[in-house]
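Below is one structure, written out as structure tokens; the observations come after it.
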Amino acid sequence: QLLEEIQGHWEGVDPTPKLRNNVSSKVFRIKNFLAHMSAGQTNLASFVFLDNRAKIRSWLSFLRQCQISEPTIHHYLKNVLQFLQYIKETPPPTCRLSRVALIGIRRELQNLMRPVRRSVAVHEVAVKQAKEGRLIPKATLRACREAAKKKIPEILDLLESGAERKTQWSFYGHLTAYWASIYGHRCGVFQNLTIQEVEDAHKTGSEGHFVIN
Numbered sequence: 231q232l233l234e235e236i237q238g239h240w241e242g243v244d245p246t247p248k249l250r251n252n253v254s255s256k257v258f259r260i261k262n263f264l265a266h267m268s269a270g271q272t273n274l275a276s277f278v279f280l281d282n283r284a285k286i287r288s289w290l291s292f293l294r295q296c297q298i299s300e301p302t303i304h305h306y307l308k309n310v311l312q313f314l315q316y317i318k319e320t321p322p323p324t325c326r327l328s329r330v331a332l333i334g335i336r337r338e339l340q341n342l343m344r345p346v347r348r349s350v351a352v353h354e355v356a357v358k359q360a361k362e363g364r365l366i367p368k369a370t371l372r373a374c375r376e377a378a379k380k381k382i383p384e385i386l387d388l389l390e391s392g393a394e395r396k397t398q399w400s401f402y403g404h405l406t407a408y409w410a411s412i413y414g415h416r417c418g419v420f421q422n423l424t425i426q427e428v429e430d431a432h433k434t435g436s437e438g439h440f441v442i443n
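So the mapping is simple: this note's numbering equals the position in the sequence shown, first residue as 1, plus 230.
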């Protein structure tokens, strides 16, 4: 019941589907923490079972054993801290956790977050370096754009004389390569464009420019 109350509080009056999904993820992580902390305990309504520093540390070890990534573990810890903040501000009638105990629990979680935050920073640098290693050089993009720009009119002439499937796919490949070299979108974005979206772009575009998103 408390988690339903918190979920409703976080979602607000008119939540978007994305917000609902984000809040559901938060609640799931909090449930994971509560399940770990309450295992083998009684009188759960008092929340006294949360005042166990050793078990809090073992929860972090449990998450890592489950091969959960460090950025996701950071979200777990942050969401549990948000849960404890809610309890501090709006304690349930059955809660028997003292203010001092709550401060101690929060401090323990914050201590756990520090090394995780460092791991997240290292992870982000590694991801950035990996992405940079896959970047296409500007010269290659320019060459692709110029080659496609030159080839597309020739393919259109072929399509006028006979719309063979091979020629159609060649046109699609050259056109999406041309667009991708300019806008950076993946080819799947263009492949999923509907006829209606293209027609709407022609109607709403200004000065001959169209936004593809």
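Yeah, the Cβ is synthetic: ideal placement off N, Cα and C, and Gly gets one too. Since we're looking at a predicted model, the values are computed, not measured.
Alpha carbon of residue i to alpha carbon of residue j, nearest angstrom
i                 : j                 : result
alanine 360       : proline 321       : 46 Å
phenylalanine 263 : arginine 375      : 52 Å
histidine 304     : lysine 261        : 16 Å
glutamate 394     : isoleucine 425    : 20 Å
tyrosine 316      : alanine 284       : 23 Å
glycine 242       : glycine 363       : 42 Å
proline 323       : cysteine 296      : 34 Å
glutamate 429     : threonine 397     : 23 Å
asparagine 282    : valine 257        : 21 Å
tryptophan 240    : phenylalanine 279 : 25 Å
leucine 274       : valine 355        : 42 Å
arginine 348      : glutamate 390     : 60 Å
phenylalanine 420 : glutamate 427     : 11 Å
lysine 248        : threonine 370     : 37 Å
valine 350        : aspartate 244     : 33 Å
glycine 238       : arginine 250      : 10 Å
cysteine 417      : glycine 392       : 25 Å
lysine 318        : glycine 334       : 12 Å
leucine 388       : arginine 372      : 25 Å
leucine 423       : tryptophan 399    : 16 Å
serine 255        : valine 357        : 23 Å
isoleucine 366    : arginine 294      : 35 Å
threonine 246     : glutamate 234     : 17 Å
Whole-Å CB distance - residue i paired with residue j, under 8 Å assumed
i              : j                 : result
leucine 314    : arginine 344      : That belief does not hold up - the Cβ atoms of leucine 314 and arginine 344 are roughly 17 Å apart, past 8 Å.
isoleucine 385 : phenylalanine 401 : 5 Å
histidine 415  : lysine 381        : Going by Cβ atoms, the distance from histidine 415 to lysine 381 rounds to 20 Å, so no, they are not a contact pair.
Exposure label - residue i; buried when at least 16 CB within 10 Å
i              : result
lysine 368     : exposed
arginine 329   : exposed
leucine 253    : A small fix is needed here, since residue 253 is valine in this sequence, not leucine. Counting Cβ neighbours within 10 Å, valine 253 comes out buried, since at least 16 surround it.
arginine 259   : buried
alanine 269    : exposed
isoleucine 236 : buried
asparagine 309 : buried
alanine 410    : buried
Beta carbon of residue i nearer than 8 Å to that of residue j
i            : j                 : result
valine 346   : leucine 311       : no
arginine 326 : phenylalanine 277 : yes
leucine 339  : isoleucine 286    : yes
Cβ neighbours of residue i in the same chain (closer than 8 Å, five flanking residues each side left out)
i             : result
histidine 353 : Ser299, Glu300 and Pro301
glutamine 288 : Per the sequence shown, residue 288 should be read as serine rather than glutamine. Result list for serine 288: His266, in chain order.
Spatial neighbours of residue i in its chain, beta-carbon cut-off 7 Å, leaving aside the 5 residues before and after
i             : result
alanine 407   : Cys374 and Ala378
leucine 232   : Pro322
glutamine 271 : Phe279
proline 383   : none
Same chain, Cβ closer than 6 Å to residue i, neighbours up to 5 away in sequence not counted
i           : result
leucine 290 : Leu342
Cutoff 8 Å: residue i Cβ touching any chain B Cβ
i          : result
serine 254 : The structure shown has no chain B; it contains just one protein chain.
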